[in-house]
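Undergrad: Numbered per our numbering, the sequence shown spans residues 9 to 113. All residues carry an ideal CB built from backbone N, CA and C; glycine is no exception. Bear in mind that the values here come from a model prediction, so they are computed numbers and not experimental data. The following block contains the structure, expressed as structure tokens.
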Amino acid sequence: RALDKLAKSHMEAQFCRLPVEKALFLTHMVELEGLPAIFVLHEGSVTRHLPPSRLFEFASGSSPLFPGHLAKLLHRVDAITSPDGASSGGESEDEEERRPTWKRA
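Set out below in structure tokens:
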């Protein structure tokens, strides 16, 4: 849910979900500490890997504080331009509503 909300408010970033069973090559290339994990890419290259120990460092996924902590973490690693819910893009609210927030790989 937290990533879904961030995806809706940060048009500068693309969020996608990749089931681990469809990512065998990736899981063999990277030493995964556990799941879920977030990979931050820039120009096609992985620039950061955020394991569960980083994602849940300050709050559990069910905590009401988690979305804010996640947004700040993603901002610190340059995955999003601001830690708040404001979008840096110039799209109207109608365009934001029509934009798909998740893609399946």
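For a test of the three-state rule: what should DSSP assign to Gly98, helix, strand or coil?
TA: For Gly98, the pLDDT reaches just 40, beneath the cut-off of 50, and the residue's location in the model is therefore unreliable, although a value from the coordinates is still provided. Here Gly98 sits in coil by DSSP.
Undergrad: Roughly how many angstroms lie between the CA atoms of Gly42 and Gln22, to the nearest whole one?
TA: Straight-line Cα distance between these residues: approximately 22 Å.
Undergrad: For Ser71, name the three-state secondary structure that DSSP assigns.
TA: Residue state, collapsed to three classes: coil.
Undergrad: Taking contact to mean at least 3 C-beta pairs separated by less than 8 Å, is the stretch 15 to 34 in contact with the stretch 74 to 94?
TA: Yes: the two stretches touch, three or more of their Cβ pairs being nearer than 8 Å.
Undergrad: Are there 16 or more other CB atoms within 10 angstroms of the CB of Leu73, so buried, or fewer, so exposed?
TA: Its Cβ having fewer than 16 others within 10 Å, Leu73 is exposed.
Undergrad: What are the residues that DSSP puts in a beta bridge with His1?
TA: With the chain represented from 9 up to 113, any question about residue 1 goes unanswered, as that position is not in the structure.
Undergrad: Which partner residues does Arg62 have in the DSSP bridge list?
TA: BP columns for Arg62 are empty, so no partner.
Undergrad: What is the DSSP secondary structure of Arg9, counted as helix, strand or coil?
TA: If DSSP states are grouped into helix, strand and coil, Arg9 belongs with coil.
Undergrad: Given Leu11, which residues of its chain have a CB within under 7 Å of its CB, disregarding the five upstream and five downstream residues?
TA: The answer, listed in chain order, is Phe23.
Undergrad: At what residues does the alpha helix (DSSP H) containing His36 begin and finish?
TA: Segment Leu32 to Met37, the alpha helix (DSSP H) holding His36.
Undergrad: Please report how far the alpha carbon of Leu58 lies from the alpha carbon of Phe47, in whole angstroms.
TA: Between Leu58 and Phe47, the C-alpha separation is close to 6 Å.
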